[in-house]
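Student: Using numbering that gives the first Met the number 0, you'd call the opening residue of the sequence shown number 0 and step up by one each time.
The beta carbon of each residue, even a glycine, is placed where N, CA and C say it ideally should be.
Questions regarding the structure given below will be posed in turn.
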Amino acid sequence: MRNIIHLNENWRFIREDVGLPRVLPMEWETVELPHTWNAVDGQDGNGFYYRGKCWYARSFETPGQPLAGGRVYVEILAAGQQASVYVNGREAVYHEGGYSIFRTDITDLCKADGENLLVVACSNEEKSSVYPQSADFTFYGGLYRGVNLISVPDTHFDLDYYGGPGLQVTPKPCECGGAIFELASWVKHADENFTVMYAIKDAQGKKIASAVRPAEDANVAIYVPDAKRWEIDSPYLYTVTATLQRRNEVYDEVSVRTGVRNFSCDPDKGFILNGAETPLRGVSRHQDRLYKGNALTKEEHYEDARLIKELGANTIRLAHYQHAQEFYDACDELGFVVWAEIPFISVFNDDPAAHENCISQMKELIIQNYNHPSICFWGISNEILIGGISEKLVENHKELNALCKELDPARLTTIAHVSMTPLESPVHGITDIESYNHYFGWYGGRIEDNGPWLDDFHKAHPEICLGLSEYGCEGIVTYHGPNPACKDYSEEYQALYHEHMAKVLSERPWLWSSYVWNMFDFGCASRDEGGIAGRNNKGLMTIDRKIKKDSYYIYQAYWSKKPMIHLCGRRYAQRAGATSEIRVYSNQPSVSLYLNGELVERKTADKVFVFTVALKEGFNIIVAVAGELKDSMTLEKVEKEPAIYVLPEVSERAEGVANWFKLAGDLNLAAPMEFPEGRYSVKNTMEELANSGEAFDITAEAVKLATNMKLMKEGGMWSMFRNMTLEDILKMAGSMVPEGFTQSVNAKLIKIEKM
0 MRNIIHLNEN WRFIREDVGL PRVLPMEWET VELPHTWNAV DGQDGNGFYY
50 RGKCWYARSF ETPGQPLAGG RVYVEILAAG QQASVYVNGR EAVYHEGGYS
100 IFRTDITDLC KADGENLLVV ACSNEEKSSV YPQSADFTFY GGLYRGVNLI
150 SVPDTHFDLD YYGGPGLQVT PKPCECGGAI FELASWVKHA DENFTVMYAI
200 KDAQGKKIAS AVRPAEDANV AIYVPDAKRW EIDSPYLYTV TATLQRRNEV
250 YDEVSVRTGV RNFSCDPDKG FILNGAETPL RGVSRHQDRL YKGNALTKEE
300 HYEDARLIKE LGANTIRLAH YQHAQEFYDA CDELGFVVWA EIPFISVFND
350 DPAAHENCIS QMKELIIQNY NHPSICFWGI SNEILIGGIS EKLVENHKEL
400 NALCKELDPA RLTTIAHVSM TPLESPVHGI TDIESYNHYF GWYGGRIEDN
450 GPWLDDFHKA HPEICLGLSE YGCEGIVTYH GPNPACKDYS EEYQALYHEH
500 MAKVLSERPW LWSSYVWNMF DFGCASRDEG GIAGRNNKGL MTIDRKIKKD
550 SYYIYQAYWS KKPMIHLCGR RYAQRAGATS EIRVYSNQPS VSLYLNGELV
600 ERKTADKVFV FTVALKEGFN IIVAVAGELK DSMTLEKVEK EPAIYVLPEV
650 SERAEGVANW FKLAGDLNLA APMEFPEGRY SVKNTMEELA NSGEAFDITA
700 EAVKLATNMK LMKEGGMWSM FRNMTLEDIL KMAGSMVPEG FTQSVNAKLI
750 KIEKM
């Protein structure tokens with residue numbers, strides 16, 4: 000029988016490339032898996048994190064097998080981003096791709112008796128053949144999901160095919176109320192003496208259907224009468240077990256859980272699950288945590304899933320790579336509809352080896368996760384047009400889409416377009432359904448642009464099922480004020496932004512899905528925004544999972560079926576001024592507000608209740624009541640609000656934009672822009688402008704003033720922006736760039752001769 004041995008303790012680790020050890024290096028640091036060497040520097044804001052080759056080593060005894068000819072496999076649950084595995088000094092396997100399971104047969108490398116040396120050389124160095132090439136998150140290195148030994152008899156369910164379980168289950172609902180379970184399994188080294196016995200058990204563990212097939216031809220269809228559907232509110236799971244038997248002896252056994260459901264998308268009706276129109280409203284999730292990086296335990300994965308369920312979301316986009324099996328399991332159990340994708344993101348590399356890596360990662364994603372009923376969509380790329388478009392890029396997308404359909408005809412394919420993707424583009428129509436990443440009201444444009452853009456696209460392309468794959472803005476719980484505005488990073492502006500977006504989405508059920516970017520703040524070593532470096536702070540919760548920002552509760556008010564009430568602004572605890580605005584989120588029809596025990600007002604509204612109160616000197620107790628629900632907070636009226644409530648860069652930026660024109664000199668800003676040959680201009684790419692120190696300084700200042708983002712000639716953000724023109728970046732900023740700003744920047748640049 001199969002024996003799985005966890006090898007997660009007593010590893011020796013060194014954070015430098017010292018070469019392959021021949022004996023167990025006792026002087027190295029002792030670590031336990033899961034482990035990443037970027038747990039701190041991938042988030043701490045120093046602008047650098049170690050990207051190199053590191054080494055792990057430990058000893059193990061060769062597992063015994065009662066039968067002759069047994070095999071031993073090493074299973075790596077993930078190694079960021081590429082890894083070589085050695086046993087007793089000999090290479091067993093090399094793998095590219097930092098987010099998937101891979102295995103290799105090490106039987107012939109193991110000693111018959113005694114200790115073996117297992118060594119893994121793990122690297123998160125940039126490599127042209129491995130995706131992601133560039134992205135807005137930290138590429139953590141390490142063995143961050145664990146390592147197993149798997150001992151099996153010579154005849155066993157396949158362990159070699161792209162890390163899959165060797166058993167594939169396709170449940171298909173029938174009109175009669177039952178379901179057909181199409182089962183396929185693959186057995187290595189089988190002969191006529193072996194059979195595969197299938198058993199299907201219900202959620203209570205009772206066997207309800209079975210079948211037996213010869214191991215050499217093990218595919219079969221089994222009918223389950225009165226099959227219960229997997230629903231979002233009732234995620235019913237069946238367990239399917241395949242048992243490999245030789246006469247009266249069991250050789251191997253694998254089990255998977257699955258669910259019976261059907262689904263589709265319609266351009267006018269949105270997502271349809273089991274015949275019911277079900278708008279998908281949820282969040283995207285990155286897997287890292289504060290000073291743990293992506294080295295999460297099973298309990299932490301499940302905690303993330305429960306926090307998202309508490310929000311009221313019914314869908315999760317698992318960005319931008321394959322996530323841990325524990326998280327897919329949690330989604331199966333809790334009833335989330337999942338978008339799973341590969342890290343084909345931001346920058347396209349036309350190296351044929353890079354395309355082969357995309358194909359390999361897509362095969363691993365689908366084959367390893369085929370049986371999860373929560374997964375309904377395979378994502379083939381994200382914002383890939385940031386680096387431009389080419390015939391090769393379009394051709395590669397078509398090939399990836401065809402591969403998804405070949406491996407899994409039942410699920411839908413999708414894509415996340417960057418906001419600038421034209422309405423008429425050759426990337427439209429490749430996947431079954433499509434989505435856009437839009438940040439109107441943060442990186443560019445106004446909050447109010449979101450609804451009209453969605454409506455205009457739907458009118459222009461009535462045949463396309465459209466979703467909103469990303470939207471969001473930064474919210475830092477230190478910053479507050481009575482007049483929240485875009486790019487002030489305040490918790491109040493983030494809440495106002497999401498108030499608007501939640502309403503926009505509720506009014507458009509034809510959008511098949513929407514995903515807040517992001518559920519949790521996450522590590523991005525190259526970022527430096529809002530006074531917090533090394534992080535992306537768009538989460539509805541903080542990276543440590545300790546604080547739910549006010550924006551979390553607006554979605555709970557819209558999405559949760561459980562009665563709730565929430566007073567906003569409790570961290571805006573010291574307030575000046577004659578009056579103060581109090582906002583309350585609730586899914587109840589009316590809310591009463593009390594100030595120091597006295598009723599201020601009772602209001603009827605939809606989700607958002609706004610009150611104006613006159614705080615008394617000193618401390619004030621605010622209580623919001625909706626039926627039996629209550630929430631309270633204490634505010635202090637002060638003469639002057641703390642300086643820490645306002646990010647200094649916010650006022651500096653406003654002054655800087657206003658002063659730019661003075662710095663540029665006397666210009667006719669209404670005149671057409673000129674682009675003299677041999678001179679720099681806004682038509683040049685970031686990479687071209689970086690050739691001149693003077694031109695780059697002007698460019699960096701312009702980008703900072705327009706978007707409040709620091710432009711650095713290194714790191715993941717630079718790789719994303721380097722092929723974009725300055726004109727394109729300023730266009731993305733939209734209405735945040737005042738009239739004449741681009742002309743003023745161009746006037747400065749054309750004075751500089753090209754290097």
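1. Could one say the Cβ of V336 lies closer than 8 Å to chain C's Cβ atoms, at least one of them?
2. Give the DSSP-derived three-state secondary structure of Y593 in the structure shown.
3. Taking the DSSP output, what are the residues bridged to G281?
4. What ranges does the beta strand (DSSP E) occupy inside the segment 226–272, keeping only unbroken runs of at least 3 residues that lie completely in it?
5. Is it true that the CB of Q42 sits closer than 8 Å to the CB of G533?
6. As a quick exercise: from A208, Y250, T477, H460, pick the residue whose alpha carbon is nearest that of P65.
7. Select from V476, H300, M0, E74 the residue whose C-alpha is nearest the C-alpha of N756.
8. For A184, list the residues DSSP reports as bridge partners.
9. Taking only runs that begin and end inside the segment 537–589, name each unbroken alpha helix (DSSP H) of 4 or more residues, in chain order.
10. Quick one: any contact between the segment 252–265 and the segment 287–294, if contact means 3 or more CB pairs under 8 Å?
11. So, is L422 buried or exposed, given that buried needs 16 or more other C-beta atoms within 10 angstroms?
12. If you run the structure through DSSP and keep just helix, strand and coil, what is W659?
13. Tell me the residue span of the alpha helix (DSSP H) that contains A532.
14. Looking at the structure shown, is R102 part of a helix, part of a strand, or coil, going by DSSP?
15. So N449 is in the alpha helix (DSSP H); what residue range does that whole segment cover?
16. Taking the straight line between their C-alpha atoms, what separation do you get for R601 and V607?
17. Taking a contact to mean a Cβ-Cβ separation below 8 Å, would you say S591 touches V612 in this structure?
18. Alpha carbon to alpha carbon, how far is L76 from E60?
19. Going by beta-carbon coordinates alone, are G18 and Q80 separated by less than 8 Å?
20. What is the rounded straight-line gap between the Cα of E15 and the Cα of S359?
21. In the DSSP assignment, the beta strand (DSSP E) including G778 goes from what residue to what residue?
22. Taking the continuous alpha helix (DSSP H) assigned at N218, which residues delimit it?
23. So, for F478: in the same chain, excluding its five sequence neighbours on each side, which residues have a beta-carbon less than 7 Å away from its beta-carbon?
24. Give the straight-line distance between the Cα atoms of I271 and A409, rounded to the nearest whole angstrom.
25. Helix, strand or coil for I643 per DSSP?
26. Checking the sheet assignment: what are the DSSP bridge partners for F610?
27. Let me check one thing: in DSSP terms, what residues is W10 bridge-paired to?
28. Since A198 and T240 should fall inside the 8 Å C-beta cutoff, what is the C-beta to C-beta distance between them, to a whole number of angstroms?
29. So, at 6 Å on beta carbons, what are the nonlocal neighbours of F740 in its own chain, with the 5 sequence-adjacent residues on each side left out?
30. Per DSSP, which residues does W441 bridge with? Please list them.
31. Can you say whether I620 is buried or exposed, counting buried as having 16 or more other CB atoms within 10 angstroms of its CB?
32. Pull the bridge partners of Q81 from the DSSP assignment, please.
33. Quick one: is A494 buried, meaning 16 or more other Cβ sit within 10 Å of its Cβ, or exposed?
34. Which residues in the same chain as L594 place their Cβ atom closer than 7 Å to its Cβ, once the five residues preceding and following it in sequence are excluded?
35. Which residues in the same chain have their Cβ closer than 6 Å to the Cβ of I341, if we skip the five residues on either side of it in sequence?
36. When DSSP builds the beta bridges, which residues end up paired with W54?
Tutor: Considering the structure as presented:
1. Structure shown: chain C not included; a single protein chain is present.
2. Position 594 of the sequence shown, counted from the start, is the residue given in the question as residue 593. In this structure, Y593 counts as strand in the three-state DSSP scheme.
3. Numbered from its first residue, the sequence shown carries residue 281 at position 282. When DSSP reads this structure, G281 sits in a beta bridge with T314, Y514.
4. 237–245, 248–257, 262–265, 269–272
5. As a first step, residue 533 is located in the sequence shown; it is residue number 534 there, counting from the start. As a first step, residue 42 is located in the sequence shown; it is residue number 43 there, counting from the start. For G533 and Q42, yes; Cβs fall inside 8 Å.
6. Within the sequence shown, residue 65 is the residue found at index 66, counting from 1. If we check each option's Cα against that of P65, Y250 comes out closest.
7. Since the first residue shown for the chain is 0 and the last is 754, residue 756 is missing from the structure and cannot be characterised.
8. In the sequence shown, the residue the question calls residue 184 occupies position 185. The sequence as given places Ser at residue 184; Ala does not occur at that position. In DSSP, S184 forms a bridge with L166.
9. 549–558
10. no
11. Within the sequence shown, numbered from 1, the residue matching residue 422 stands at position 423. Exposed, by the Cβ-count rule.
12. As a first step, residue 659 must be located in the sequence shown, where it is residue number 660. For W659, the predicted model reports a pLDDT of 45, less than 50, meaning its position is unreliable and no value from the coordinates is stated.
13. The count along the sequence shown starts at 1 and reaches residue 532 at position 533. Segment 531–535 is the beta strand (DSSP E) holding A532; no alpha helix (DSSP H) there.
14. Locating residue 102 in the sequence shown gives position 103, counting from the first residue. It is a strand residue.
15. For the purposes of this step, residue 449 is identified with residue 450 of the sequence shown, where counting begins at 1. Element bounds for N449: 449–459.
16. In the sequence shown, the residue the question calls residue 601 occupies position 602. In the sequence shown, the residue the question calls residue 607 occupies position 608. So the two alpha carbons sit approximately 13 Å from each other.
17. As a position in the sequence shown, residue 591 is number 592, starting the count at 1. As a position in the sequence shown, residue 612 is number 613, starting the count at 1. No, the Cβ-Cβ distance between S591 and V612 is not below 8 Å.
18. Counted from its first residue, the sequence shown places residue 76 at position 77. Counted from its first residue, the sequence shown places residue 60 at position 61. For L76 and E60, the distance between alpha carbons rounds to 20 Å.
19. Stepping through the sequence shown from its first residue, residue 18 is reached at position 19. Stepping through the sequence shown from its first residue, residue 80 is reached at position 81. Contact: no.
20. In the sequence shown, the residue the question calls residue 15 occupies position 16. In the sequence shown, the residue the question calls residue 359 occupies position 360. Answer to the nearest angstrom: the Cα atoms are 28 Å apart.
21. The question about residue 778 has no answer here: the residues shown for the chain are numbered 0 through 754.
22. Looking up residue 218 in the sequence shown gives position 219. Careful: N218 lies outside any alpha helix (DSSP H) and carries neither H nor E.
23. Residue numbering aside, residue 478 sits at position 479 when the sequence shown is read from its first letter. Inspection of the sequence shows that residue 478 is occupied by Tyr rather than by Phe. Once the five neighbours on either side are set aside, the close Cβ partners of Y478 are D487, Y488, S489, E490, Y644, V645, L646.
24. Residue mapping note: residue 271 aligns to position 272 of the sequence shown, counting from 1. Residue mapping note: residue 409 aligns to position 410 of the sequence shown, counting from 1. I271 and A409: Cα-Cα distance of roughly 14 Å.
25. To locate residue 643, count along the sequence shown from 1; it is residue 644. Helix, per DSSP.
26. Taking the sequence shown and counting its residues from 1, one reaches residue 610 at position 611. I581, per the DSSP bridge assignment.
27. Taking the first residue of the sequence shown as 1, we reach residue 10 at position 11. For W10, which the question treats as bridged, DSSP gives the partners V30.
28. Here residue 198 is taken as the residue at index 199 of the sequence shown, counted from 1. Here residue 240 is taken as the residue at index 241 of the sequence shown, counted from 1. Rounded, the Cβ-Cβ distance is 5 Å, consistent with contact.
29. As a first step, residue 740 is located in the sequence shown; it is residue number 741 there, counting from the start. Closer than 6 Å at the Cβ level, and outside the excluded window around F740, lies no residue.
30. In the sequence shown, residue 441 corresponds to position 442, counting from 1. According to DSSP, W441 bridges with nothing at all.
31. The sequence position of residue 620 within the sequence shown is 621, counting from 1. I620 is exposed by the Cβ-count criterion.
32. Locating residue 81 in the sequence shown gives position 82, where the first residue counts as 1. According to DSSP, which records beta bridges pairwise, Q81 is partnered with E95, S122.
33. Locating residue 494 in the sequence shown gives position 495, counting from the first residue. With 16 or more other Cβ atoms within 10 Å, it is buried.
34. Translated into positions along the sequence shown, residue 594 becomes position 595. Hits under 7 Å: V612, N619, I621.
35. One-based indexing of the sequence shown puts residue 341 at position 342. Counting only Cβ-Cβ distances below 6 Å, and skipping sequence neighbours, we find Q360, M361, L364.
36. Position 55 of the sequence shown, counted from the start, is the residue given in the question as residue 54. For W54, DSSP records a beta bridge to I13, A120.
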